[in-house]
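The block underneath contains the structure these notes are about, expressed in structure tokens.
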Amino acid sequence: QRDANQFDAAPSAAVAYRHDMANAMIDKYRIVSYQLPATILEVTMAVQWVSYVAIGLTTCILAYLLFETIRNQNHSVFQLSQIHYLIAFQAAALVASISSGLLQPQNDAFCIASTPLVLCSVQFMYAIHIARLW
947 QRDANQFDAA PSAAVAYRHD MANAMIDKYR IVSYQLPATI LEVTMAVQWV
997 SYVAIGLTTC ILAYLLFETI RNQNHSVFQL SQIHYLIAFQ AAALVASISS
1047 GLLQPQNDAF CIASTPLVLC SVQFMYAIHI ARLW
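If you count the sequence shown from 1, position 119 lands on 1065 in the numbering used here, and the numbers rise without skipping.
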């Protein structure tokens, strides 16, 4: 069984030499170190409420902007600014904002759904932005 911080110098040879890179140098010169990733065991309720309020406010603002954009889409300023791209961009932003609430894992469904919903929406917004700049 091999440790994570060791590798074989010649894995196909009859004798394999193992080099421990993390412990090869004196402590004050050691630049390679291995440690487990940090784990947050609990998020306080205050942080959860602040994040949910921020997500809620952002969602309300985005929903209002989307509603007003759709309501006034025949205005001449919107006609010049390619209204369909703007509506798609705002809808993707609204989906990304709503689905960011799923990033606080409550169960397996949250974990499975959160990443694709957020990342696909953000990628869609990025694609629209790049297409409009092109």
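Ideal Cβ placement from N, Cα and C applies to all residues, glycine included.
Note that the structure is predicted; figures quoted are calculated from it, not measured.
For residue i, which option in the options has the closest C-alpha, if you only look at C-alpha atoms?
| i | options | result |
| --- | --- | --- |
| A1000 | S1045, L987 and N1020 | S1045 |
| N1019 | I1033, I1007 and V989 | Looking at the sequence provided, one finds Gln at residue 1019 rather than Asn. Taking only the C-alpha atoms, the option nearest Q1019 is I1033. |
| W995 | F1056, G1047, L1011 and W1080 | G1047 |
| L1003 | W1080, L1040, E988 and T985 | L1040 |
| H1075 | F1013, I1016 and F1035 | F1035 |
If you reduce the DSSP assignment to three classes, tell me which class residue i lands in.
| i | result |
| --- | --- |
| H1030 | helix |
Can you tell me the Cα-Cα spacing of residue i and residue j, whole angstroms?
| i | j | result |
| --- | --- | --- |
| R948 | L1049 | Annotation note: pLDDT 47 at R948 (below 50); position unreliable, no value reported. |
| Y1031 | I1007 | 19 Å |
| P1062 | A1038 | 13 Å |
| M991 | V1023 | 44 Å |
| S1027 | V1064 | 26 Å |
| S1060 | N1053 | 11 Å |
Once you ignore the five residues that flank residue i on each side, which residues in its own chain have a CB closer than 6 Å to its CB?
| i | result |
| --- | --- |
| T1005 | S1043 and I1044 |
Would residue i count as contacting chain B if we go by Cβ distances under 8 Å?
| i | result |
| --- | --- |
| S1043 | In the structure shown, chain B does not exist; there is a single protein chain. |
Can you check the region 1007-1055 for any alpha helix (DSSP H) of at least 4 residues that lies completely inside it and give the ranges in chain order? As summarised for the region 1007-1055, the continuous alpha helix (DSSP H) elements at least 4 residues long and confined to that stretch are 1022-1026 and 1029-1045, given in chain order.
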